[in-house]
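>
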Amino acid sequence: MSEEAKAETTDSKESFEPKIMAFVCNWCTYAGADLAGTSRMEYRPNVRIIKLPCTGRIDPLFIIKAFENGADGVLISGCHPGDCHYTTGNYHARRRWIAFKDLLDFTGIDMSRVHFSWVSASEAIKWVELINNVTDDISALGPFMDFKRLNKKEAE
Amino acid sequence: MSNLYIPHLVTIEDIYEETSDIRSFKLVFKDKELRETFEFKTGQFGLYSAFGLGESTFCLASSPTRKGYIQCTFRKTGRVTNGLGELSIGDTMGFRGPYGNHFPIEEWKGKNILFIAGGIALPPVRSVIWNILDRHEDFGNVTIVYGAKTVADLVYKEELRHWDERPDIKLIQTVDPGGETDDWQGKVGFVPTVLEESKVKAENTIAVVCGPPIMIKFCLGALGKLGFSDDAVFTTLENKMKCGVGKCGRCNVGDIYICKEGPVYTATQIKTMFADF
Amino acid sequence: MGKMEKELREKAKELLESGEVAVVIGYGFNRRKTRVTPVFITDPAETDKLVFNALCVNNLSIYLTRKYKDVQRIGRPAIVAKGCDIKNIVVLITEGQVKREDVYIIGMTCEGVAYKQELLKEKLVPEIMPVKCHNCDVRNPHVTDTVIGEKSDFTPPEEPTGMVFDKIKQIESMTATERWDFWNEHFTRCIKCYACRQLCSLCYCEQCITEKNMPQWIETSAHPRGNLAWNLIRAMHLAGRCTFCGECERGCPVNIPLNLVNQKLVLTVKNAFDFESGYDENVHPPMIVFKEDDKESFIK
Amino acid sequence: MTDRYISKESLGTLITTVNKSGGRFVAPVLDARQVVYKEVASIEPVVDDYILPRNSYKEVAFPQTEVIYKYELNRAGVTIDPVEIEARETIVFGARPCEAASLASLNSVFTWDFIDETYTKREERVVVLSVGCINADDECFCTTVNLSPKSTTGSDVALYETDNGYIATPITDKGKAFVKTYSASFADTPKGEKRKELIDPEKIEGVDLTKLGETLAKTENYDNPKWAELTRKCCGCGACTYSCPTCHCFDITDEGTAFEGERRKNWDACQFDHFTLHASGHNPRDTQYKRYRNRFMCKFHIYPTKFNSTGCVGCGRCIRVCPVRLDITELMEAMSK
Chain Y
5 MSEEAKAETT DSKESFEPKI MAFVCNWCTY AGADLAGTSR MEYRPNVRII
55 KLPCTGRIDP LFIIKAFENG ADGVLISGCH PGDCHYTTGN YHARRRWIAF
105 KDLLDFTGID MSRVHFSWVS ASEAIKWVEL INNVTDDISA LGPFMDFKRL
155 NKKEAE
Chain F
13 MSNLYIPHLV TIEDIYEETS DIRSFKLVFK DKELRETFEF KTGQFGLYSA
63 FGLGESTFCL ASSPTRKGYI QCTFRKTGRV TNGLGELSIG DTMGFRGPYG
113 NHFPIEEWKG KNILFIAGGI ALPPVRSVIW NILDRHEDFG NVTIVYGAKT
163 VADLVYKEEL RHWDERPDIK LIQTVDPGGE TDDWQGKVGF VPTVLEESKV
213 KAENTIAVVC GPPIMIKFCL GALGKLGFSD DAVFTTLENK MKCGVGKCGR
263 CNVGDIYICK EGPVYTATQI KTMFADF
Chain H
98 MGKMEKELRE KAKELLESGE VAVVIGYGFN RRKTRVTPVF ITDPAETDKL
148 VFNALCVNNL SIYLTRKYKD VQRIGRPAIV AKGCDIKNIV VLITEGQVKR
198 EDVYIIGMTC EGVAYKQELL KEKLVPEIMP VKCHNCDVRN PHVTDTVIGE
248 KSDFTPPEEP TGMVFDKIKQ IESMTATERW DFWNEHFTRC IKCYACRQLC
298 SLCYCEQCIT EKNMPQWIET SAHPRGNLAW NLIRAMHLAG RCTFCGECER
348 GCPVNIPLNL VNQKLVLTVK NAFDFESGYD ENVHPPMIVF KEDDKESFIK
Chain E
133 MTDRYISKES LGTLITTVNK SGGRFVAPVL DARQVVYKEV ASIEPVVDDY
183 ILPRNSYKEV AFPQTEVIYK YELNRAGVTI DPVEIEARET IVFGARPCEA
233 ASLASLNSVF TWDFIDETYT KREERVVVLS VGCINADDEC FCTTVNLSPK
283 STTGSDVALY ETDNGYIATP ITDKGKAFVK TYSASFADTP KGEKRKELID
333 PEKIEGVDLT KLGETLAKTE NYDNPKWAEL TRKCCGCGAC TYSCPTCHCF
383 DITDEGTAFE GERRKNWDAC QFDHFTLHAS GHNPRDTQYK RYRNRFMCKF
433 HIYPTKFNST GCVGCGRCIR VCPVRLDITE LMEAMSK
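Protein chains in written order, with the numbering used here: chain Y, 5 to 160; chain F, 13 to 289; chain H, 98 to 397; chain E, 133 to 469.
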């Protein structure tokens with residue numbers, strides 16, 4: 005069954021389990037998520053984490069690629085400003101996101117599906133809350149059909 | 013007639029790691045009937061698919077005299093070849109072919125054959141070598157000059173050893189200066205130089221040259237000095253190909269489509285082509 | 098314009114004769130003298146081919162980039178450049194692609210050019226001028242070795258005006274779905290000829306991201322998905338660098354309004370980082386620097 | 133078969149009839165401020181005041197991007213699911229006599245020993261209704277390549293504009309069959325309806341196709357410095373090749389994951405620098421003039437000598453669309469000397 009058909013047969017939003025891609029930095033957010041895990045905190049299982057050395061490595065392409073491959077939401081997270089393991093990576097990343105967010109918004113990509121956050125290595129609780137909130141938000145929005153329709157359109 | 017671009021499925025029956033980045037596959041068609049009937053001529057090539065990554069062109073490195081399987085050798089450099097580099101025995105890949113022309117070995121009967129190859133260019137020559145060795149009684153002396161950058165870059169090491177031991181073949185191996193190891197038994201020097209020093213007799217001899225464009229250029233010069241006529245020198249041209257059947261328009265050298273009219277040419281033909289390679 | 102052309106030809110001749118430059122990159126007429134095309138003058142006797150008029154729409158700074166190895170091989174170039182073209186040369190200098198001393202800039206004062214050559218019938222009228230010309234603050238070129246032409250006394254409006262700005266406002270007032278539909282309608286037409294990239298002097302990468310195939314980040318097929326990815330990333334790679342010269346839109350054979358995305362990012366960069374591209378070769382472009390207190394409101 | 137007549141109203145009915153019978157009707161329409169060939173369901177969007185549409189109608193048989201097959205990795209290995217080639221009857225209305233010659237040229241490539249079904253299956257079902265030109269612009273040069281608004285090569289039915297409709301001359305068997313099938317739309321020419329005068333574009337005096345062919349055939353001219361001088365300005369985009377009715381280059385590429393995806397046949401352009409790049413890093417056409425030279429050779433040497441067909445139909449699209457105004461006729465002139 006195609007993604008779309010699957011999504012369309014999902015009548016009630018409760019049974020919809022969103023796919024969320026999280027691009028996180030190795031040193032802060034991943035460590036934070038790790039801490040949440042080792043502390044046996046429970047959070048929603050909808051998130052698939054991709055670990056990168058630094059938020060500075062998160063190319064805008066990743067977001068587009070995630071949506072192309074069927075993500076319903078994307079989360080990007082790294083060290084708080086000033087805490088970057090490589091001193092300035094997250095400052096550069098922040099500038100890039102400021103521009104890219106405007107571009108995405110301008111081209112009509114639903115910005116409520118893209119979340120940005122700072123989560124440090126000690127903020128396991130914040131991570132858990134973040135994931136739960138993002139998952140709830142995106143569950144409420146339902147499946148992200150824009151890109152999926154695009155996929156279908158090109159197959160015609 | 014079915015769609016040209018749909019490959020046959022083949023299973024990887026064996027993998028040989030030739031060097032750190034060169035691999036050979038022994039491939040068997042999934043289709044039983046095709047396994048029996050598939051035929052090709054030495055010098056032809058095929059397009060090999062790694063699903064999800066695309067197609068690449070390599071020659072058929074096995075000899076048509078060995079039935080039931082085909083063999084290919086490639087260097088892991090691009091998207092497809094790296095993908096193929098990750099496959100294991102038993103995996104499935106795609107193959108379509110054989111395409112292109114071939115070495116006219118039937119016309120070479122009774123003649124001595126001189127093979128010259130550099131680096132990864134031994135595979136196309138290997139097909140001819142085995143084809144000739146399998147019916148050695150039809151041909152004269154066989155001489156092989158093979159060189160690579162370093163000892164580690166020599167491919168088909170097992171077969172080189174085998175050929176070296178055979179009394180009916182003269183094998184000259186060489187590596188580029190600086191590429192030798194302490195226990196290296198062969199020569200040190202570039203292929204064209206070694207070729208010239210070998211003093212191979214041009215009389216009643218056919219030369220088959222394969223290698224990078226620059227090596228071919230100098231080898232043609234060296235063969236000229238040894239007294240070979242251009243008609244007796246055969247080489248292959250390689251260009252990027254996508255379709256393999258003369259449609260996609262990228263392998264042409266001037267007005268010659270390598271995939272359809274090549275890849276095998278005599279030195280005479282090469283010298284009259286548009287300088288586009 | 099007659100006087101300017103005369104001055105230009107004399108200057109070009111002088112530069113070539115003295116050996117100061119090996120080639121003058123300028124504009125010349127086609128056979129029928131109906132259209133203007135880039136010319137490369139190496140012989141002082143041929144400088145009469147140079148023209149300058151409202152048909153001179155091309156941004157010749159593309160020929161200074163490393164994509165044009167056979168142009169570079171000729172030797173030191175002099176380039177005929179309008180103020181807007183000089184902005185691109187400035188960015189090339191900032192980004193280390195061209196050394197200031199390696200290029201002789203013949204700045205042309207300019208009263209505007211046509212949006213596309215086909216539009217010019219007899220006289221240049223404001224209606225056929227691109228938005229950049231209406232808001233131009235470099236009609237007197239800013240970074241030059243010599244200036245040709247009389248000083249222009251045009252002052253651009255305080256607030257930039259024109260169709261592009263109006264349209265951006267209109268798009269911003271749409272809903273996300275409307276915007277998505279608007280852009281997909283345009284991007285779907287894309288034929289992936291890459292004229293936008295090839296005409297952009299700031300797209301000088303020898304291997305474009307779309308040609309990188311391990312992995313294949315941007316699908317090369319011209320289907321809606323591949324087109325969207327390509328157009329978004331092309332715009333993003335020009336964020337903080339684009340000088341709004343408008344060449345990509347002019348060259349687009351299927352009329353995708355690329356100026357809208359480009360200008361949107363120009364505005365974003367101006368508002369967020371107080372930076373305008375193409376004025377000062379000694380200021381770093383905004384995407385390679387940062388401030389610790391860059392303002393944003395969306396990172397939670 | 134004698135000349136028939138189709139009024140503008142009947143053309144409207146023809147469009148709906150073709151659509152109803154499952155066929156495609158492709159005609160010039162206005163889209164994003166330019167005239168392009170597009171599928172239409174009614175006559176409303178169809179325009180008749182144009183020189184040439186921006187795109188070439190080769191798309192109907194050779195689409196810009198198409199799926200050859202889908203693959204899926206599973207326990208059994210790999211399953212290949214070939215995509216059936218959709219071969220609907222396709223009517224191309226409003227083609228200009230110059231480019232009508234182009235499908236025959238593409239045919240010669242796509243059937244050269246190996247038959248490319250993805251093309252031929254569609255091409256077999258294409259009916260070309262050409263409309264003679266009553267206008268020409270500066271970029272038109274069909275008369276220079278021995279074609280003209282009067283030529284009928286490649287047209288199945290040649291149409292000639294009148295005040296209220298078109299006079300239709302069936303040329304090929306396919307065209308005759310078409311007129312027969314849709315005979316309800318055709319009638320006898322009413323009195324007073326006369327062909328409008330066809331306008332020839334100006335012939336470029338300096339071009340001599342025979343000489344041009346001879347020049348190109350000589351290998352020593354391959355390194356002529358003129359190539360670099362005249363094409364240095366080429367910016368290396370694919371606008372010319374993608375608008376050209378006879379350009380046939382394509383790419384075969386995979387899209388998808390290692391588990392499932394598809395293989396596609398996409399247009400490609402010899403003007404791109406990565407087109408001929410070898411895996412080793414060697415590129416036989418490493419500078420732009422070599423790539424342009426290849427395109428030019430393809431049109432005026434390879435097509436005529438190898439395939440015995442027209443390489444360039446003189447539609448002038450490549451000149452109109454070129455962002456740096458590289459004029460192929462200037463090169464033809466220079467190489468005719």
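Ideal Cβ positions, reconstructed from N, Cα and C, are used throughout, including at glycine.
Can you give me the C-alpha to C-alpha distance between T389(E) and L79(Y), rounded to a whole angstrom?
Cα to Cα, T389(E) sits roughly 23 Å from L79(Y).
> If G55(F) sits next to H114(F), beta carbons under 8 Å apart, how far is it from one beta carbon to the other, in whole angstroms?
Yes, G55(F) and H114(F) are in contact; Cβ-Cβ is about 4 Å, under 8 Å.
> Considering just the uninterrupted stretch of the alpha helix (DSSP H) at A178(F), what are its terminal residues?
According to the sequence shown, residue 178(F) is Arg rather than Ala. It is not in any alpha helix (DSSP H) - R178(F) carries neither H nor E in the DSSP assignment.
> Give, in chain order, every unbroken run of the alpha helix (DSSP H) that is at least 4 residues long and sits entirely within the region 328-362 of chain E.
Correct list: 341-349.
> Run through the DSSP bridge pairs and tell me what G388(E) is partnered with.
Partner(s): G393(E).
> Looking only at C-alpha atoms, which of Q281(F), A62(F), P275(F) and A287(F) sits nearest to C71(F)?
Measuring from the Cα of C71(F), the nearest candidate turns out to be P275(F).
> Mapping DSSP to helix, strand and coil, what is Q281(F)?
Three-state DSSP puts Q281(F) in a helix.
> Would you verify that the beta carbon of T419(E) is, or is not, closer than 8 Å to some beta carbon of chain F?
Output row for T419(E): interface = no.
> Determine the DSSP secondary structure at V22(F), reduced to helix, strand or coil.
Strand at V22(F).
> With 8 Å set as the bound, which would you pick, yes or no: does the beta-carbon of S6(Y) sit closer than that to a beta-carbon of chain H?
In this prediction, S6(Y) has a pLDDT of 48, which is less than 50 and means its spatial position is unreliable; nothing more can be read from the coordinates.
> Consider the Cβ of E45(H): report whether some Cβ of chain E lies at a distance smaller than 8 Å.
Any property of residue 45(H) remains undetermined from this structure, which presents chain H solely from 98 to 397.
> For chain F, find out if any of its Cβ atoms is closer than 8 Å to the Cβ of V210(E); answer yes or no.
Output row for V210(E): interface = yes.
> Checking the sheet assignment: what are the DSSP bridge partners for M226(H)?
Bridge partners of M226(H): none, in fact.
> Let me check one thing: in DSSP terms, what residues is S262(E) bridge-paired to?
A227(E) and A290(E), per the DSSP bridge assignment.
> Taking only three categories from DSSP, how would you classify M13(F)?
Caution is warranted here: a pLDDT of 45 is assigned to M13(F), below 50, making its placement in the model unreliable, and no coordinate value can be reported.
> So G180(H) and L147(H) are in contact, right, with Cβ under 8 Å, and what is the actual spacing, rounded?
No, G180(H) and L147(H) are not in contact; Cβ-Cβ is about 18 Å, not under 8 Å.
> If you draw a straight line from the C-alpha of N328(H) to the C-alpha of K361(H), how long is it?
Their backbone Cα atoms lie some 14 Å apart in a straight line.
> Compare the C-alpha of G393(E) against each of Q166(E), A164(E), L205(E) and T197(E) and name the closest.
The option with the nearest alpha carbon to G393(E) is L205(E).
> Could you tell me whether any Cβ in chain H is nearer than 8 Å to the Cβ of A236(E)?
Chain H, which has no Cβ nearer than 8 Å to the Cβ of A236(E), makes this no.
> How long is the line joining the alpha carbons of S32(F) and T85(F), rounded to whole angstroms?
Cα-Cα distance, rounded: 13 Å.
> Curious, which full-length beta strand (DSSP E) runs of at least 3 residues does the region 13-84 of chain F contain?
Qualifying beta strand (DSSP E) stretches, in chain order: 20-29, 34-41, 57-62 and 66-71.
> Contact between the region 255-263 of chain F and the region 208-222 of chain F: three or more CB pairs below 8 Å?
No: fewer than three Cβ pairs fall under 8 Å.
> Answer with yes or no whether the minimum CB distance from R87(F) to chain H is below 8 Å.
No, R87(F) does not count as interfacial toward chain H.
> Can you pull the chain A neighbours of N310(H), defined as C-beta to C-beta under 7 Å?
The structure shown contains no chain A; its protein chains are Y, F, H and E.
> Does any residue of chain F have a CB that is nearer than 8 Å to the CB of G345(E)?
By this cut-off, G345(E) is not an interface position.
> Just confirm the distance between the C-beta atoms of I101(F) and I24(F), as a whole number of angstroms; I'd bet it's less than 8 Å.
At roughly 6 Å, the Cβ-Cβ gap stays under 8 Å, so I101(F) and I24(F) are in contact.
> Where does Y90(Y) fall in DSSP's three states?
It is coil, neither helix nor strand.
> With a threshold of 8 Å between beta carbons, is F149(H) in contact with chain E?
False, the Cβ-Cβ gap to chain E never drops below 8 Å.
> Listing by chain order, which chain E residues have their CB less than 9 Å from the CB of V257(F)?
Within 9 Å Cβ-Cβ: W244, D245, F246 and D248.
> Is there a Cβ from chain Y that is less than 8 Å from the Cβ of T365(H)?
Judged by the 8 Å Cβ criterion, T365(H) is in contact with chain Y.
> Report the residue from C376(E), S412(E), V445(E) and Y421(E) whose alpha carbon sits nearest the alpha carbon of T285(E).
The shortest C-alpha separation from T285(E) is found at V445(E).
> Straight-line CA distance for T186(F) to E250(F)?
About 23 Å.
> Cβ of L154(Y) within 8 Å of Cβ of P223(H)?
No, Cβ-Cβ distance for L154(Y) and P223(H) is not below 8 Å.
> Hey, out of L157(H), R170(H) and D140(H), whose CA is closest to C342(H)'s CA?
Here the closest residue by C-alpha is L157(H).
> Along the chain, where does the alpha helix (DSSP H) that runs through V311(E) open and close?
Its alpha helix (DSSP H) spans residues D305 to T313.
> Relative to chain E, which residues along the region 133-166 of chain H have a C-beta separation below 8 Å, given in chain order?
Result list: V133, T134, P135, V136, F137, N155, I159, Y160, K164, Y165 and K166.
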